[in-house]
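Quick note, the sequences are listed as chains P and C, same order. For what it's worth, my numbering labels the leading residue of the first sequence as 1, then goes sequentially. For what it's worth, my numbering labels the leading residue of the second sequence as 77, then goes sequentially.
There are 2 protein chains.
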Amino acid sequence: MDKLAKVIKNHRKKAGLTQKELADLSGLGKTVIFDIEKGKETVQFNSLIKVLNALNISLNVSSKLMENEVTINEKS
Amino acid sequence: MDKLAKVIKNHRKKAGLTQKELADLSGLGKTVIFDIEKGKETVQFNSLIKVLNALNISLNVSSKLMENEVTINEKS
DNA sequence: TCATTTTTACTGCTAAAGCAGTAAAATCAA
DNA sequence: TTGATTTTACTGCTTTAGCAGTAAAAATGA
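And the structure:
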């Protein structure tokens with residue numbers, strides 16, 4: 001979860017956004033952005049998806065039982 | 077989100093688990109398992125991770141800004 | 001250095017997620 | 001078909017995530 005936090009913070013920085021700006025862009029409150037980047041585990045999956053979409057980050061699942069990886073969110 | 081629901085349901089079936097069994101295995105209530113497989117978007121990220129770990133499904137992020145994909149949960 | 005911006009952290013409050021219990025509907029297996 | 005299992009769906013109840021507001025700490029930059 002900490003890894004995800006770092007990825008998100010990194011992308012936000014590279015996009016030149018403040019936490020507040022990312023919050024507005026994602027349609028969320030600033031608190032959640034802060035919490036996510038802090039690595040808080042108990043956030044809504046929905047909130048995470050909104051942030052990932054705003055930052056154009058793909059979320060994928062894979063396993064030994066699957067031939068191909070599957071992308072969960074729709075932004076590329 | 078619907079895609080994720082199908083992946084999870086599929087893996088559960090292949091593992092020969094009922095929703096209740098997966099719930100216990102994940103340390104969650106049966107309601108959440110049902111909700112997740114129904115494609116409910118407003119579930120705790122934490123809950124999802126627990127289910128994915130129980131089913132040995134990797135959750136990964138990727139983007140154009142990243143060279144390599146990053147795995148979020150620790151189970152392979 | 002000093003002012004401005006940003007981040008971190010805390011506060012109640014409100015909305016809702018998660019829970020077990022129950023029961024009907026659906027699925028499965030003998 | 002028939003009985004047992006599983007899934008779907010709904011019920012209150014409890015816990016808590018998310019919210020804005022505020023302010024201190026940290027970072028930025030002129």
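We treat Cβ as the ideally placed atom computed from N, Cα and C, and that holds for glycine.
Quick one: give me the first and last residue of the beta strand (DSSP E) that residue i is part of.
i	result
Ser-139/C	Where Ser-139/C is concerned, there is no enclosing beta strand (DSSP E), given that its DSSP letter is neither H nor E.
Using only the alpha-carbon positions, how far apart do residue i and residue j sit?
i	j	result
Gly-103/C	Lys-126/C	8 Å
Lys-82/C	Leu-98/C	15 Å
Gln-95/C	Thr-31/P	33 Å
Thr-71/P	Lys-40/P	23 Å
Val-43/P	Asn-73/P	17 Å
Leu-93/C	Gly-16/P	46 Å
Asn-10/P	Leu-141/C	10 Å
Asp-78/C	Lys-14/P	30 Å
Thr-59/P	Asp-100/C	At residue 59/P the sequence reads Leu, which differs from the Thr that was named. C-alpha separation (whole angstroms): 26 Å.
Glu-113/C	Ile-133/C	15 Å
Ser-63/P	Leu-80/C	12 Å
Arg-88/C	Val-61/P	15 Å
Phe-121/C	Leu-48/P	8 Å
Glu-69/P	Glu-145/C	11 Å
Ala-54/P	Glu-143/C	19 Å
Asp-111/C	Leu-52/P	22 Å
Gly-105/C	Ile-84/C	16 Å
For residue i, which residues in chain C fall below 7 Å Cβ to Cβ?
i	result
Glu-67/P	None at all; the shortest Cβ gap to chain C is about 12 Å.
Val-43/P	Phe-121
Val-51/P	In chain order: nothing, as chain C lies at least about 11 Å away.
List, in order along the chain, the chain C residues whose C-beta lies closer than 9 Å to that of residue i?
i	result
Asn-56/P	Ser-139, Lys-140, Leu-141
How is the alpha helix (DSSP H) around residue i delimited, first residue to last?
i	result
Ile-148/C	Here Ile-148/C belongs to no alpha helix (DSSP H), and DSSP marks it neither H nor E.
Lys-6/P	2-14
Glu-117/C	Element bounds for Glu-117/C: n/a, residue is neither H nor E.
Leu-101/C	95-102
Asn-132/C	Premise fails: Asn-132/C is in no alpha helix (DSSP H) and is neither H nor E.
Taking Cβ-Cβ distances shorter than 8 Å, what residues in chain C pair up with residue i?
i	result
Asn-60/P	Leu-135, Asn-136, Val-137, Ser-138, Glu-145
Leu-4/P	Val-137, Val-146, Ile-148
Leu-48/P	Phe-121
Determine the chain P residues that contact residue i at a beta-carbon separation under 9 Å, and present them in chain order.
i	result
Lys-90/C	Leu-65
At a CB-CB cut-off below 7 Å, which residues of chain P make contact with residue i?
i	result
Val-83/C	Val-61, Val-70
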